[in-house]
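Working notes, beginning with the structure itself.
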Amino acid sequence: MEIKHIREKEAREMYSDYYLTAGADKFYIRETLALNLYNSYTMGFTEIAKIICKRELVKLLGICAAWYKGKINNDTYVNELIRFKVKKRKFKNAKTN
């Protein structure tokens, strides 16, 4: 499968198009994102929303929603999550130095 890079504008559009569905879909998407970012159930979406800036959070929710709806493949989804984790780690390391 082809891994593609998702631009921020595309991710914001995915958020508005796919994420804003009612009920179980919305809950599932939020908690799936929380689980995939922290690899455990120790932090839920509410805690993550306090830590991550709104712009990044919207992008990540859009990517997760697009994956859930089958608009992007699993490889692209994982690639975007890893990209965010690397960015977060670099920021954390720069802050401590």
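One rule links them: number in the numbering used here = place in the sequence shown (from 1) + 311.
Note that beta-carbon positions come from the ideal geometry of N, C-alpha and C, so glycine has one too.
What you are looking at is a predicted structure, and each value in this text was computed from that prediction instead of being measured.
DSSP places N347 in the helix class (H, G or I) of the three-state scheme.
Less than 8 Å separates the beta-carbon of E342 from that of G355. Comparing alpha-carbon positions, the option among L372, I383, T387, N404 lying closest to L346 turns out to be L372. I374 sits close to A322, with the two beta carbons spaced by under 8 Å.
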